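Undergrad: Chains as they are written, first to last, in the numbering used here: chain R, 669 to 1087; chain H, 669 to 1087.
Number of protein chains: 2
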Amino acid sequence: MSEVRETVLELARSARQAARQMAATDGAAKQRALLRMVELLDEKENEVLKANAADLQAAKEAGLAGPKLGRLGLDGRTLADLKAGLRQVAAMPDPVGEISQMQTLANGLQVGRMRIPLGVIGFIYESRPGATVEAAALSLKAGNAIVLRGGKEALRSNTLLVELFQQALAEAGLPAAAVQLVPLSDRAAVLEMLKLDEYLDVIIPRGGEGLIRLVAENARMPVLYHAKGVNHLYVDEDADLEMALKIAHNGKVQRPGVCNALEAVLVHQDAAAELLPRLEAELTAAGVELRAHENALPYLKQARRASADDWGREFLDLILAVKVVAAMDEALNHIARYGSHHTEVIVTEDYARALRFLREVDASLVLVNASPRFNDGFQLGLGAEIGISTSKLHAYGPMGVRELTTTKFVGLGQGQVRG
Amino acid sequence: MSEVRETVLELARSARQAARQMAATDGAAKQRALLRMVELLDEKENEVLKANAADLQAAKEAGLAGPKLGRLGLDGRTLADLKAGLRQVAAMPDPVGEISQMQTLANGLQVGRMRIPLGVIGFIYESRPGATVEAAALSLKAGNAIVLRGGKEALRSNTLLVELFQQALAEAGLPAAAVQLVPLSDRAAVLEMLKLDEYLDVIIPRGGEGLIRLVAENARMPVLYHAKGVNHLYVDEDADLEMALKIAHNGKVQRPGVCNALEAVLVHQDAAAELLPRLEAELTAAGVELRAHENALPYLKQARRASADDWGREFLDLILAVKVVAAMDEALNHIARYGSHHTEVIVTEDYARALRFLREVDASLVLVNASPRFNDGFQLGLGAEIGISTSKLHAYGPMGVRELTTTKFVGLGQGQVRG
Chain R
669 MSEVRETVLE LARSARQAAR QMAATDGAAK QRALLRMVEL LDEKENEVLK
719 ANAADLQAAK EAGLAGPKLG RLGLDGRTLA DLKAGLRQVA AMPDPVGEIS
769 QMQTLANGLQ VGRMRIPLGV IGFIYESRPG ATVEAAALSL KAGNAIVLRG
819 GKEALRSNTL LVELFQQALA EAGLPAAAVQ LVPLSDRAAV LEMLKLDEYL
869 DVIIPRGGEG LIRLVAENAR MPVLYHAKGV NHLYVDEDAD LEMALKIAHN
919 GKVQRPGVCN ALEAVLVHQD AAAELLPRLE AELTAAGVEL RAHENALPYL
969 KQARRASADD WGREFLDLIL AVKVVAAMDE ALNHIARYGS HHTEVIVTED
1019 YARALRFLRE VDASLVLVNA SPRFNDGFQL GLGAEIGIST SKLHAYGPMG
1069 VRELTTTKFV GLGQGQVRG
Chain H
669 MSEVRETVLE LARSARQAAR QMAATDGAAK QRALLRMVEL LDEKENEVLK
719 ANAADLQAAK EAGLAGPKLG RLGLDGRTLA DLKAGLRQVA AMPDPVGEIS
769 QMQTLANGLQ VGRMRIPLGV IGFIYESRPG ATVEAAALSL KAGNAIVLRG
819 GKEALRSNTL LVELFQQALA EAGLPAAAVQ LVPLSDRAAV LEMLKLDEYL
869 DVIIPRGGEG LIRLVAENAR MPVLYHAKGV NHLYVDEDAD LEMALKIAHN
919 GKVQRPGVCN ALEAVLVHQD AAAELLPRLE AELTAAGVEL RAHENALPYL
969 KQARRASADD WGREFLDLIL AVKVVAAMDE ALNHIARYGS HHTEVIVTED
1019 YARALRFLRE VDASLVLVNA SPRFNDGFQL GLGAEIGIST SKLHAYGPMG
1069 VRELTTTKFV GLGQGQVRG
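1. For residue 894 of chain R, go through chain H and note every residue whose CB falls closer than 9 angstroms to its CB, in chain order.
2. Quick one, which residues of the region 856–875 of chain R are near chain H if we go by CB-CB under 8 angstroms, in chain order?
3. Nearest by alpha-carbon distance to residue 935 of chain R: which of R:928, R:907 and R:929 is it?
4. Given this structure, state the Cα-to-Cα distance separating residue 737 of chain H from residue 792 of chain H, to the nearest angstrom.
5. Taking only three categories from DSSP, how would you classify residue 825 of chain R?
6. Determine whether the beta carbon atoms of residue 732 of chain R and residue 794 of chain R lie at a separation below 8 angstroms.
7. Within 10 Å of its beta-carbon, does residue 770 of chain H have 16 or more other beta-carbons around it, so buried, or fewer, so exposed?
8. Return the CA-CA distance between residue 1041 of chain H and residue 957 of chain H, expressed in angstroms with no decimal places.
9. For residue 826 of chain H, which option in H:753, H:837, H:869 and H:847 has the closest C-alpha, if you only look at C-alpha atoms?
10. Of all the options R:763, R:983 and R:913, which has the alpha carbon lying nearest to the alpha carbon of residue 1038 of chain R?
11. Which of the three DSSP states, helix, strand or coil, is assigned to residue 1011 of chain R?
12. From the beta carbon of residue 789 of chain R, is the nearest beta carbon of chain H less than 8 angstroms away?
13. Residues in its own chain within less than 6 angstroms of residue 819 of chain R by CB, not counting five upstream and five downstream?
14. Considering only residues of the same chain and omitting the five flanking positions on each side of residue 983 of chain H, which have a CB-CB separation below 6 angstroms?
15. Taking contact to mean at least 3 C-beta pairs separated by less than 8 angstroms, is the region 801–817 of chain H in contact with the region 1064–1074 of chain H?
16. Taking the CB atoms as reference points, tell me whether residue 1002 of chain R and residue 898 of chain R lie closer together than 8 angstroms.
17. Give the interface partners of residue 1048 of chain R over in chain H, defined as CB-CB distance under 7 angstroms, in chain order.
18. By the three-class DSSP mapping on this structure, what secondary structure does residue 1059 of chain R have?
19. In the DSSP assignment, find the unbroken alpha helix (DSSP H) run with residue 805 of chain H in it and report its ends.
20. Within the 8 angstroms Cβ cut-off, does residue 935 of chain H reach chain R?
21. Residue range of the beta strand (DSSP E) that residue 841 of chain R falls in?
22. Determine, using beta-carbon pairs with one atom in the region 669–686 of chain R and one in the region 856–871 of chain R, whether at least three such pairs fall under 8 angstroms.
23. Looking at residue 990 of chain H and residue 1012 of chain H, is the spacing between their C-beta atoms short of 8 angstroms?
24. Quick check on the burial criterion: 16 or more other C-beta atoms within 10 angstroms. Buried or exposed for residue 1076 of chain R?
25. Who are the near neighbours of residue 993 of chain R in its chain, counting only those whose CB is closer than 8 angstroms to its CB and skipping five residues on each side?
26. Would you check if the distance between the CB atom of residue 960 of chain H and the CB atom of residue 939 of chain H is smaller than 8 angstroms?
27. Can you pull the chain R neighbours of residue 1084 of chain H, defined as C-beta to C-beta under 8 angstroms?
28. May I have the straight-line CA-CA distance separating residue 871 of chain H from residue 883 of chain H, to the nearest angstrom?
29. With a floor of 4 residues, list each alpha helix (DSSP H) that falls wholly inside the region 927–1008 of chain R, ordered by position along the chain.
30. Quick one: what's got a C-beta closer than 6 angstroms to residue 905 of chain H's C-beta in the same chain, skipping five residues either side?
31. Which parts of the region 866–930 of chain R are runs of the alpha helix (DSSP H), unbroken and 4 residues or longer, counting only runs that do not cross its ends?
32. Starting from residue 772 of chain H, trace the beta strand (DSSP E) both ways and give me its first and last residue.
33. Do we get a CB-CB distance below 8 angstroms when we pair residue 1034 of chain H with the residues of chain R?
34. Helix, strand or coil: which one does DSSP assign to residue 1086 of chain R?
35. Quick one: measure Cβ to Cβ for residue 744 of chain R and residue 724 of chain R, integer angstroms, because I've assumed they're closer than 8 angstroms.
36. List the residues that DSSP assigns as beta-bridge partners of residue 785 of chain H.
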């Protein structure tokens, strides 16, 4: 057995053992561990920042720059946010053990569904030490064990953060092995994880398209992920145009490089003449380049003509595709063809069309009169998220504590047998 | 493109189109289609029985026998059961469109989860024409389209049943393409289905271990299935021994060849001397062979010693493994090691141990004082089932209408944007 395989296998095995203990633990111990982690982040703040500074230094020397370097960095404020998140997760009710849909069958057998942890989660993610704390906290609250494999640039930060988490677990009387870090930065370690379907119940990958594809194609266990966010705003004929402009601006400009940013606007033909010139003026002033379908060009001054592959494209940049549609049906067809099941928005004052859009559009979050940037676990009230799923099995949308659990059937009998 | 690929692709594509229509339809149309199918099964009963007789004849000539031949056959009674099932599914409330967990966030955005169909289901199953009707009915009720690929022996029966279903759909104003049959009996058609992740949202295989493995290893989309049912009965020190005997008998003898039958009994040492001789007498009389751990042999007259691979084995036959355990912990460890996450039973009168077993055992159905034979969608009140899942993602246990749906997030705003 290769050394890489041996290391990963050993981690996964001990995580599996810890998972059995975690599933049987009560909410109080989990809460203690989370609150102890808050204290440890306070007590060890200097050490954490020092380890992170070393990661940053090495990453800069290796040529890392821009948003990637930004995501790697921790400071007093990001640590304060992490601690606030830990407190929030600690305060949430324990999801495990909840019994729902209990009914008594004709033979007297009482049957319901009990919420239980998933088991062991494999989390493969980018170089963002905050994600280490968030993922471990959600996993712990849900009663799981987790095997973390973060980006190599964050290894020093992650090593210390996981040590602190393990200390918090141990002091709360929980198995330290419930949070594990794969200390190997080569891709071989990822490939080994994907083979361990006996020990890992699910893999959640987060990162670029290449990593996601690698995981989806090689994992022997179920995978929860989002591929990309090609998100549309449909501006209806009865839209409040001020609202539409505000949402388009927020969706495209506030953080263009993220998965819940806006990539295309579809405008009803009756709103085009009034909306499009103002959209162009406002977005161009914010540095956005418009790529317009030829049917939108007459309303625009500077926009270039969109090419065929601009539809369904995730620009992740200050670029926005624009098209005029004859009716809502055309918008729905466009979204069905080019959308990526992530986030879709209608702006309308019409009741029936609002409800129809809400019902018929197939996306993890469908919004009426709000910015697509809300597709985020914290924004939607889940406390935090470990990722967003755009596949429909198990979870569709942001994944928080509840999405890291499942239910089993339970039955309380008095000797019933089948006739 | 091969002819097989072309045929399967065309079916999947038209199912995908139908799925969009189905998702937008209301409950009344779906109910009309289901009730029309009941009428059609009445009107065309002779034709259905004739097609089935031809299938049976050909299967007999090809050497099919035993339970497989039994599953292939339809008669007036099985048709009556199918019609009763269709009426039950029709009478269930429409799951689609239900909004749950609606909350108003601090910014006034109202966020909830709306239940929606999964989309297109691929169902690959054995030669059992009843399953064709049940799967199509569940899929329809949940608002999905379904691509059916039944065993080759049932092709004549399935072809007619699917034609009737398509007629019922069309007469109810729904797309006939929402229920499709793959008319090809070679395995190449299965392999082609597994590649169509663009069109099929999930694959549900049902059948022998070979088929399940083929599907699990080759499918590009999520798969819901159960591998096997290695189900234990733990008889506690405080058990009602009459009840334990009754449940052991029902679990093992009533239908030994099915996945929810009993395969092993674990007896607390304090109950062994009284229970085991009676268990042997009763089960031997019913034709059951006991395979005993050496610690159980002293209590038994005729049992042979179990070999190492009798633990964790799905006998699917009148064979039962028996072991004495020193305490409940040993039973829990045995089940964690050898169980298959299908069905596990404790017989006890002790409150704390009943609850502990219920909570700690990781299986799709955990029962106190009832027969494992209840792990079945109809028995558990789901109306019917398309299969039983022993993997924890999305569904764990029998899969009925609800398990063929998912939820998306929906948000009702008044112009909210992110700050």
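Backbone N, C-alpha and C fix where the C-beta goes; we use that ideal spot for every residue, glycine too. These numbers come from a predicted model, not from an experiment.
TA: Reading it off the structure:
1. Chain H residues near residue 894 of chain R: none, gap ~13 angstroms exceeds 9 angstroms.
2. 869 and 870
3. R:907
4. Roughly 18 angstroms separates the two Cα atoms.
5. helix
6. No, these two residues do not count as a Cβ contact at 8 angstroms.
7. exposed
8. Taking the straight line joining both Cα atoms gives about 19 angstroms.
9. H:847
10. R:913
11. Residue state, collapsed to three classes: strand.
12. no
13. 794 and 795
14. 931
15. Counting Cβ pairs under 8 angstroms, three or more are found: they touch.
16. no
17. Within chain H, the residues near residue 1048 of chain R are 779 and 1077.
18. coil
19. 797–809
20. no
21. Segment: none, residue 841 of chain R is in no beta strand (DSSP E) and carries neither H nor E.
22. At 8 angstroms Cβ cutoff, the stretches touch.
23. Contact: no.
24. buried
25. 902, 934, 935, 936, 937, 999 and 1002
26. no
27. 1037, 1038, 1039 and 1042
28. 8 angstroms
29. 937–953 and 996–1006
30. These residues qualify, in order along the chain: 936, 938 and 939.
31. If we require 4 residues or more, the alpha helix (DSSP H) runs fully inside the region 866–930 of chain R come out as 877–886 and 909–921.
32. 767–772
33. yes
34. coil
35. About 15 angstroms separates the two Cβ atoms, so there is no contact after all.
36. Partner(s): H:1073.
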